[in-house]
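Counting along the sequence shown from 1, when you hit position 46 you're at 45 in numbering that gives the first Met the number 0, and nothing is skipped either side.
Following: one structure in structure tokens, then a few remarks.
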Amino acid sequence: MEQDADPSINRTQTTETSSPENIDALLEAARYDDIEDVISLASAGVPLDSKDSQGRTALHMASANGHLGIVEYLIGRGVDINASNEEKNTPLHYACLNGHTEVAKKLVLSGANISVLNSHEQTPIDEALSRGKMDIIDAINTAVAQLEFGGFTVS
Numbered sequence: 000m001e002q003d004a005d006p007s008i009n010r011t012q013t014t015e016t017s018s019p020e021n022i023d024a025l026l027e028a029a030r031y032d033d034i035e036d037v038i039s040l041a042s043a044g045v046p047l048d049s050k051d052s053q054g055r056t057a058l059h060m061a062s063a064n065g066h067l068g069i070v071e072y073l074i075g076r077g078v079d080i081n082a083s084n085e086e087k088n089t090p091l092h093y094a095c096l097n098g099h100t101e102v103a104k105k106l107v108l109s110g111a112n113i114s115v116l117n118s119h120e121q122t123p124i125d126e127a128l129s130r131g132k133m134d135i136i137d138a139i140n141t142a143v144a145q146l147e148f149g150g151f152t153v154s
């Protein structure tokens with residue numbers, strides 16, 4: 000053991016908890032709205048910001064599928080709200096693409112960047128417009144107005 004190394008840190012466990020299988024399990028739990036599994040995997044040490052082979056996080060999966068409870072749980076645990084996957088899509092892109100207004104609003108109110116471009120040079124709002132999701136535009140505008148009224152700057 001290295002001198003001054005902390006013997007309570009189990010580096011093998013860290014590697015095991017970050018295994019592709021555990022990351023896949025976390026993302027599947029978020030995708031299918033299984034909050035108990037998300038909490039259990041987090042308690043077992045699986046990092047909530049873990050990315051799969053396509054760069055997606057649990058927040059991407061919960062946002063894409065409209066699972067507000069899991070989105071709130073993950074945001075409350077400090078995950079990167081602006082994490083991008085291999086195509087540079089953020090969780091907000093996914094929420095907008097799929098018309099999940101409450102999730103989109105929560106993401107914006109929590110600091111999601113509404114101006115970020117994906118690899119197709121599209122913002123989350125552009126993605127909503129391309130699919131005719133006008134309710135998303137209304138939700139984002141409402142969230143931005145709430146933030147600006149509260150004195151926050153929105154990017």
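The beta carbon of each residue, even a glycine, is placed where N, CA and C say it ideally should be.
Give me the Cβ distance between residue i and residue j, rounded to the nearest whole Å; I'm assuming they're in contact under 8 Å.
i   : j    : result
L73 : A57  : 6 Å
R55 : L91  : So it is not a contact: roughly 14 Å between Cβ atoms.
T89 : N112 : 7 Å
A82 : I69  : 15 Å between Cβ atoms; not a contact.
L47 : V78  : 5 Å
Where does residue i land, buried or exposed, given buried means 16+ other C-beta within 10 angstroms?
i    : result
H119 : exposed
M133 : exposed
I8   : Annotation note: pLDDT 33 at I8 (below 50); position unreliable, no value reported.
T126 : With the sequence shown as reference, residue 126 is identified as Glu, and Thr is not the correct amino acid for it. The residue in question, E126, is buried, as its Cβ has 16 or more Cβ neighbours within 10 Å.
Q53  : exposed
A28  : buried
P123 : buried
Y31  : exposed
S114 : exposed
Classify residue i as helix, strand or coil using the three-state DSSP reduction.
i    : result
V45  : coil
E126 : helix
G75  : helix
K50  : coil
S18  : coil
Y31  : coil
T141 : helix
H99  : coil
S58  : Checking the displayed sequence, the identity of residue 58 turns out to be Leu instead of Ser. In the structure shown, L58 sits in a helix (DSSP, three-state: H, G or I).
I136 : helix
H119 : coil
G110 : coil
H66  : coil
K87  : coil
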